[in-house]
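Residue numbers (my numbering), protein chains in the order written: chain A, 66 to 378; chain B, 66 to 378. From the three backbone atoms N, C-alpha and C, an ideal C-beta is built for every residue, glycine too. Data block below; observations after.
2 protein chains.
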Amino acid sequence: VSRRYRLAVLIEDADRARVWLEALRRAVPDWQVDDGRRVAAADQVDFVVLWGRAEGLSRFTHLRAILSLGAGVDHVLRDPDLPREVPLIRMVDPGLACGMVEYVSCHVLRHHLGAPSLERSQREQRWTTVTPQLAHERTVGIMGLGAMGSACATRLTQFGFQVVGWSRTRKSLAGVTVHAGRHELPAFLARSEILVCLLPLTEDTRDILDAGLCARLPRGAAIINAARGEHLVEDDLLAALDAGQISGATLDVFRVEPLPQGHPFWQHPCISVTPHVASLTRPGSGAQSIVRSISSLLAGESPPGLVNQEAGY
Amino acid sequence: VSRRYRLAVLIEDADRARVWLEALRRAVPDWQVDDGRRVAAADQVDFVVLWGRAEGLSRFTHLRAILSLGAGVDHVLRDPDLPREVPLIRMVDPGLACGMVEYVSCHVLRHHLGAPSLERSQREQRWTTVTPQLAHERTVGIMGLGAMGSACATRLTQFGFQVVGWSRTRKSLAGVTVHAGRHELPAFLARSEILVCLLPLTEDTRDILDAGLCARLPRGAAIINAARGEHLVEDDLLAALDAGQISGATLDVFRVEPLPQGHPFWQHPCISVTPHVASLTRPGSGAQSIVRSISSLLAGESPPGLVNQEAGY
């Protein structure tokens, strides 16, 4: 990469914008990296690095690509300011998948070991001896087998868990029983004692975690949603928890974030709320990943994370 | 194994005794397996399978071996009824290590991801955005590198954690920085942001988790004790938590079990209490393990788990 390319960072939050400006300037010291909110000659910018909404993007008239700092681009694609003809690349950062593997492993193990019920016993000072099942006696279902879902599924097989996966198109993954398409969803759900949602948000997957889905899971199943709040029909989850069909849920994402004060999830005894921390793009490795994507694009290749705007991810 | 050997199961709890009688009869249908609490002709019994105290053991005068159902044999060795000349074999069950790996991974990840603090935020309905460190930026220290400690250390390296280990005699373990002996303990502790105790209980290790040890850990370290309650000086832990030197603890074992009502651990906001469930011997795989040990002993070999009564484990 010889030419002096121009990058603009378009992030609303000033602190976050500064962190990314610094990280990118360190990663490509010979390029010009500007704050996109107040850049001069926007028409000469080659690449925009974007977090959140695309407001102001229309000023950048000669872009070669737009790079999103998140793994999910549903909100970017919904934005009327997004120029459809410019390649959109979402973050495929090894650090992003590492964080997700840590989060999902932690919370799958928590449900597997009955930790929520042991935590209630502690609050009541009750010594309850139980013999938890071993991982090889437990089936975990992963919805979505992209970079994150595949990495999580593989780690869980290392614990001995039976792992089943489900995705739109059929994937192949060592040690994982794979289901594909809507017609195979019931068979997948029937086996998933712990269900992990890592799907992209599309019109097909919005509201997929609903009453019908809960009813098809084994009684007492647990649900972990680390994808998007819009995947989950909140009232359906609350009803399934009340009915005992679902025993517990761990939720990292919500329809409204931050989760509003007084929302019933906060104080529900069977719901763990985490503040959208399952998988965060780290500036250091994230900047490297952006540079790799741009280099690959300039070399005429199709970089990992290039968004299929039809499919929506 | 051709002769019709005689086994006696010596377990105080009647339910647990019945479960093990059934499991062993299934495992060796051609041997005679009796309840040791009411066996006739105790002097003709070849092997005793023991859980808990050894009371009544002196009646078995012609034993070839005693097989303990637990991985820890400190309480058996303290028992005056234990015949010192009979080989004592402790449980080395793959299921036992699997359960421990699941427990330790779950609780290391919980501390690593700041789950205890996120749980407090949830109770206060506070949305606290944090960027947790990734596993490769975190060092976990494992005290005790026997079957359990080694299995846990290896699994943690798969997450990318920096893993350091400490044991009485020097071990070698791929991907793990190993320390040995008392003089290397300070160097090991100085690196351990999350400390996991999986030591055998001996006169050398009793009370090892004390004020001096806490002071040598990095400030804000977490402690997980899944070994024996007697490893931990309870008041020292409480003081180190009050001082902020230790940020949290997960305890599965206690000096008195069940943990008595009103004990300060139950309601401490930084302590997770679990009721001695980290690693339980499962009758199915445990019975197989006992049969393997006996066969190995009869073949003149030294079975895994043969206790060195001098060393105490």
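Distance from the CA atom of Arg90 of chain B to the CA atom of Cys163 of chain B, rounded to whole angstroms, is 24 Å. A buried status is given to Val113 of chain B, since no fewer than 16 other beta-carbon atoms sit within 10 Å of its beta-carbon. Around the beta carbon of Glu258 of chain B, 16 or more other beta carbons lie within 10 angstroms, which makes this residue buried. A straight-line Cα-Cα distance of about 26 Å links Ala343 of chain A and Ala216 of chain B. Taking 4 residues as the minimum length, the alpha helix (DSSP H) runs contained wholly in the region 167-247 of chain B are 180-188 and 212-223, in order along the chain. Buried is the label assigned to Thr270 of chain A, since at least 16 other Cβ atoms lie within 10 Å of its Cβ. Think of a sphere of 7 Å around the beta carbon of Thr339 of chain B: the chain A residues whose beta carbon falls inside it are Leu183, in chain order. Excluding residues up to 5 positions away in sequence, Ser186 lie with their Cβ nearer than 8 Å to the Cβ of Trp192 of chain B in the same chain. Close CB contacts of Ala73 of chain B within its chain, under the 6 Å cut and outside five residues either way in sequence, are with Asp99, Gly101, Val104, Val110 and Val113 (chain order). In this structure, the straight-line span from the alpha carbon of Leu147 of chain A to that of Ala88 of chain A is close to 25 Å.
Only buried fits Thr315 of chain A, as 16 or more other CB atoms lie within 10 angstroms of its CB.
Residue contact check for Gly160 of chain A against chain B: a CB pair falls below 9 Å. Separation of the CB atoms of Leu134 of chain B and Gly351 of chain B is rounded to 6 Å, and the pair is thereby assigned contact status at 8 Å. Apart from the 5 residues on each side of it in sequence, Val151 of chain B sits with its Cβ closer than 7 Å to the Cβ of Leu128, Ala130 and Ile131 in its chain, given in chain order. At a cut-off of 9 Å between beta-carbon atoms, Cys171 of chain A makes contact with chain B. Of all alpha-carbon atoms in A:Ala136, A:Ala305, A:Ala287 and A:Ala291, the one lying nearest the alpha-carbon of Gly277 of chain A is that of A:Ala305.
For the pair Asp301 of chain B and Asp317 of chain B, the CB atoms are not nearer than the 9 Å cut-off. Here the alpha carbon of Leu254 of chain B sits roughly 14 Å from the alpha carbon of Arg233 of chain B. Sequence-distant partners of Leu345 of chain A (beyond 5 residues in either direction) whose C-beta falls short of 8 Å from its own C-beta, in its chain, are Leu161 and Gly164.
Listed along chain B, the residues sitting closer than 8 Å to Arg175 of chain A by beta-carbon distance are Cys171 and Arg175. Nearest Cα to Gly377 of chain B within the set B:Val138, B:Ala106, B:Leu324 and B:Asp95: B:Val138. DSSP places Ala292 of chain B in the coil class of the three-state scheme, outside both helix and strand. Shown here, Leu302 of chain A sits in a helix according to DSSP, grouped into three states.
As computed with DSSP, Thr315 of chain A is found in a beta bridge with A:Ile289 and A:Ser337.
At a cut-off of 9 Å between beta carbons, Gln353 of chain B makes no contact with chain A. A residue is called buried once 16 or more other Cβ atoms fall within 10 Å of its Cβ, and Val321 of chain A, having fewer, is exposed. Within chain B, the C-beta atoms nearer than 8 Å to that of Thr193 of chain A come from Pro340, in chain order.
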